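Asker: Have a look at this one before I ask anything.
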Amino acid sequence: MSALIEARNIHRKFGKGDLITHVLKGIDVTIEEGEFVAIMGKSGAGKSTLMYQLSVLDTPTEGELLVNDTDVLTLNEREATDFRLQTLGYVFQDYALVPDLSAQENVMMPLLMRGDDWQESKDTANRMLDNVGLEGKYPNLPGELSGGEQQRVAVARALAGQPKIIFADEPTANLDSISGTQIIDLLTCLHREEGQTIVMVTHEPEYAEPCDRIIYLEDGQIVQK
Ligand SMILES: Nc1ncnc2c1ncn2[C@@H]1O[C@H](COP(=O)(O)OP(=O)(O)O)[C@@H](O)[C@H]1O
Ligand SMILES: [Mg+2]
């Protein structure tokens, strides 16, 4: 079984000349299919930046990156978008839902963007919303849902396309502990029962407990703990 993510010597610098910030300083990461991996470290350590590289939302300044056997650094914009829609799912700290679209439409959107059939997308969206306990909330706008419910819509949206990997950047950071635990339980259940591969950034050691492995970042480098 080959690894789902193979990252070698990843560097990410921002800015130019004297104002250059060297955020990631030579990261090597391998993530196998079926793993639930936590990325931890202090604020500013580079966790989000690393997540953006691994999840093909940003491009490293230097390094090699294979995701699902694809050399993602050779993809053009359009190919990268298509790759994300086909292969990856995202959950962000701030939910990142479209405010003017219903819960159902938010979940349908990435499916429609990749060209899936409308009715099929709608059926999938409903099934996904049911799975996260939001049956009866299909027509609600994000503003008509609690934070925990909005994040569950985001999880449903991330899962709708049957991604190979789910990336979650501090998915519980804006939630109370009950809603936060619900989100972690959802992800844990997906991992244990469906073998879903998940990469999650978290601050909370408690939330990293169900993970198979923790990657600690310090000042843009992986440290052993
Ligand atoms: N687009 C950017 N331009 C300049 N600096 C950035 C950019 N993104 C992140 N950084 C810097 O990189 C460092 C790590 O940021 P980040 O990856 O968000 O950390 P974490 O998620 O661990 O809190 C911070 O010092 C941040 O200011
Ligand atoms: Mg961050």
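Numbers 2 to 226, taken from our numbering, label the letters of the sequence shown in order.
Just so you know, even glycine gets a beta-carbon here, dropped at the ideal spot from N, CA and C.
It should be emphasised that the depicted structure is a prediction, and the values quoted were computed from it without experimental measurement.
#1: Since F15 sits in a beta bridge, which residues does DSSP pair it with?
#2: Please list, in chain order, all residues of the same chain as R115 whose beta carbon is under 8 Å from its beta carbon, the five residues on each side excluded.
#3: Can you find a heavy atom of ligand 1 that lies under 8 Å from the Cβ of A46?
#4: Checking the sheet assignment: what are the DSSP bridge partners for F37?
#5: Rounding to the nearest angstrom, what Cα-Cα distance links E221 and L51 in this structure?
#6: Excluding sequence positions up to five away, which residues of its chain have a Cβ less than 6 Å from the Cβ of A46?
#7: According to DSSP, is F84 part of a helix, a strand, or is it coil?
#8: Using the beta-carbon count (16 or more within 10 Å), is P1 buried or exposed?
#9: To the nearest angstrom, how far is it from the Cα of L176 to the Cα of D95?
#10: Just the C-alpha distance for K229 and P143, rounded to the nearest angstrom, thanks.
#11: First and last residue of the beta strand (DSSP E) that includes L218?
Answerer: Based on what the coordinates show:
#1: Start at 1 with the first residue of the sequence shown, and residue 15 comes out as number 14. DSSP, once it has assigned bridges, lists T22 as partnering F15.
#2: Against the sequence shown, residue 115 aligns to sequence position 114. Hits under 8 Å: D83, L86, Q87 and G162.
#3: As a position in the sequence shown, residue 46 is number 45, starting the count at 1. It does: the Cβ of A46 is within 8 Å (strictly closer) of some heavy atom of ligand 1.
#4: Position 36 of the sequence shown, counted from the first residue, corresponds to residue 37. BP columns for F37 point to I199.
#5: Counting from 1 along the sequence shown, the entry for residue 221 is found at position 220. Counting from 1 along the sequence shown, the entry for residue 51 is found at position 50. For the sequence presented, residue 221 should be read as Gly rather than Glu. For G221 and L51, the distance between alpha carbons rounds to 8 Å.
#6: Taking the first residue of the sequence shown as position 1, residue 46 is located at position 45. Cβ within range, chain order: L218 and E219.
#7: For this step, residue 84 is matched to residue 83 along the sequence shown. F84 carries a helical assignment under DSSP once its states are collapsed to helix, strand and coil.
#8: Only positions 2 to 226 of the chain appear in this structure, which leaves residue 1 out of reach.
#9: Against the sequence shown, residue 176 aligns to sequence position 175. Against the sequence shown, residue 95 aligns to sequence position 94. L176 and D95: Cα-Cα distance of roughly 10 Å.
#10: In this structure the chain extends from 2 to 226, so residue 229 is not present and cannot be described.
#11: By 1-based counting over the sequence shown, the position of residue 218 is 217. That run of the beta strand (DSSP E) goes R214 to E219.
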